[in-house]
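In the numbering used here, the protein residues as written are 9 to 207.
In what follows, a structure is listed as structure tokens, so that the remarks can point back to it.
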């Protein structure tokens with residue numbers, strides 16, 4: 009398998025964390041490519057990372073799709089629970105973690121631009137999404153396990169991205185249970201082995 013890769017992307021980190029959790033990371037060739045590189049277009053017409061070329065030549069993109077594909081390979085315990093309440097919880101948590109990353113990644117570009125009223129409003133809106141998501145995660149932190157589901161892995165990657173890109177906006181104050189959970193799981197191989205380059 010060949011993964012279009014950027015070491016700073018939280019979505020790429022999520023894919024690689026899943027690969028490590030499933031024991032598949034040794035089967036993935038990392039292809040460091042920029043999203044403006046035309047070589048990426050045949051793999052993903054959206055020109056985004058992560059994008060995966062499977063061993064049989066299929067192109068897959070978007071981290072939820074790639075992670076579910078990885079979960080279909082091998083015999084390791086599944087990160088996507090079978091149908092039922094546990095599955096919906098894991099998928100909801102994945103959506104919450106992805107939402108934190110979705111609200112945080114593009115905001116970096118906005119901060120660097122002149123701060124007119126519209127831009128300040130956009131930044132405030134995105135910060136509010138992250139704040140509300142963190143409050144929900146704090147309320148359910150006691151139910152989070154040791155990176156055994158796609159939801160837990162995504163949440164771990166989202167919190168790591170906040171540390172990586174927004175150290176000046178610490179998320180830990182007011183979220184002691186979530187902080188304690190993250191302090192435990194960040195040492196586990198899926199997160200410890202995928203740290204962003206400057207973290």
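The beta-carbon is built from N, C-alpha and C at its ideal position, and this holds for glycine as well.
All values reported here derive from a predicted model rather than from experimental measurement.
| task | Taking residue 37 as part of the beta strand (DSSP E), name the residues at either end of that continuous run. | result | As a working mapping, residue 37 is identified with position 29 in the chain shown. Start and end: 37-40.
| Selection from 30, 105 and 91 that minimises the alpha carbon distance to residue 145 | In the chain shown, counting from the first residue as 1, residue 145 sits at position 137. That would be 105, whose Cα lies nearest to the Cα of residue 145.
| message | Within the continuous alpha helix (DSSP H) that includes residue 203, where are the two ends? | response | Against the chain shown, residue 203 aligns to sequence position 195. Run containing residue 203: none; DSSP gives neither H nor E here.
| message | So residue 54 and residue 74 are supposed to be a Cβ contact under 8 Å. How far apart are they, rounded? | response | Taking the first residue of the chain shown as 1, we reach residue 54 at position 46. Taking the first residue of the chain shown as 1, we reach residue 74 at position 66. Not quite, the Cβ-Cβ distance comes to about 13 Å (not below 8 Å), so this is no contact.
| message | With a threshold of 8 Å on Cβ separation, who are the neighbours of residue 114 within its own chain once the five nearest residues in sequence on each side are excluded? | response | Here residue 114 is taken as the residue at index 106 of the chain shown, counted from 1. Result list for residue 114: 134, in chain order.
| field | Length of the line joining the Cα atoms of residue 79 and residue 24 | value | Here the question's residue 79 lines up with position 71 in the chain shown. Here the question's residue 24 lines up with position 16 in the chain shown. Their Cα atoms are separated by approximately 12 Å.
| message | Checking the sheet assignment: what are the DSSP bridge partners for residue 56? | response | What you label residue 56 is simply residue 48 of the chain shown in a count that begins at 1. Under DSSP, residue 56 shares a beta bridge with no residue.
| task | Could you say if the segment 169-185 and the segment 80-89 meet the contact criterion of at least three C-beta pairs nearer than 8 Å? | result | Because the criterion of three Cβ pairs below 8 Å is not met, the segment 169-185 and the segment 80-89 do not touch.
| Under the three-state DSSP convention, the category residue 61 falls into | Working through the chain shown from its first residue, we reach residue 61 at position 53. Of the three classes helix, strand and coil, the one that applies to residue 61 here is strand, per DSSP.
| task | Round the Cβ separation of residue 20 and residue 51 to the nearest angstrom and send it over; I've been treating them as touching at under 8 Å. | result | The residue given as residue 20 occupies position 12 in the chain shown. The residue given as residue 51 occupies position 43 in the chain shown. No, residue 20 and residue 51 are not in contact; Cβ-Cβ is about 14 Å, not under 8 Å.
| request: Report the three-state DSSP secondary structure of residue 185 (helix, strand or coil). | output: Here residue 185 corresponds to residue number 177 of the chain shown, with the count starting at 1. It is helical.
| Secondary structure at residue 167, three-state DSSP: helix, strand or coil? | As a first step, residue 167 must be located in the chain shown, where it is residue number 159. Of the three classes helix, strand and coil, the one that applies to residue 167 here is helix, per DSSP.
| Residue from 22, 167, 186 and 10 whose Cα sits closest to the Cα of residue 198 | Residue mapping note: residue 198 aligns to position 190 of the chain shown, counting from 1. When each option's Cα is compared against that of residue 198, the closest is 22.
| field | DSSP beta-bridge partners of residue 68 | value | Counting from one through the chain shown, the residue named residue 68 turns up at place 60. Among the bridge pairs identified by DSSP, residue 68 is matched with 60.
| query | Given a threshold of 16 other Cβ atoms within 10 Å of its Cβ, counted over all protein chains shown, does residue 128 qualify as buried or as exposed? | reply | Counting from 1 along the chain shown, the entry for residue 128 is found at position 120. Label assigned to residue 128: exposed.
| Out of 43, 130 and 152, which has the shortest C-alpha to C-alpha gap to residue 187? | The residue you call residue 187 lines up with position 179 of the chain shown. Comparing Cα positions, the closest option is 152.
| Going by other Cβ atoms of all chains shown within 10 Å of its Cβ, with 16 needed for buried, is residue 202 buried or exposed? | For this step, residue 202 is matched to residue 194 along the chain shown. Buried.
| query | residue 159 and residue 116: beta carbons closer than 8 Å? | reply | Position 151 of the chain shown, counting from 1, holds the residue named residue 159. Position 108 of the chain shown, counting from 1, holds the residue named residue 116. No, Cβ-Cβ distance for residue 159 and residue 116 is not below 8 Å.
| field | Classification of residue 44 by the beta-carbon crowding that lies within 10 angstroms, buried from 16 upward | value | What you label residue 44 is simply residue 36 of the chain shown in a count that begins at 1. Residue 44 is classed as exposed because its beta carbon has fewer than 16 other beta carbons within 10 Å across all chains shown.
| Are residue 193 and residue 155 close, meaning C-beta to C-beta below 8 Å? | Start at 1 with the first residue of the chain shown, and residue 193 comes out as number 185. Start at 1 with the first residue of the chain shown, and residue 155 comes out as number 147. For residue 193 and residue 155, yes; Cβs fall inside 8 Å.
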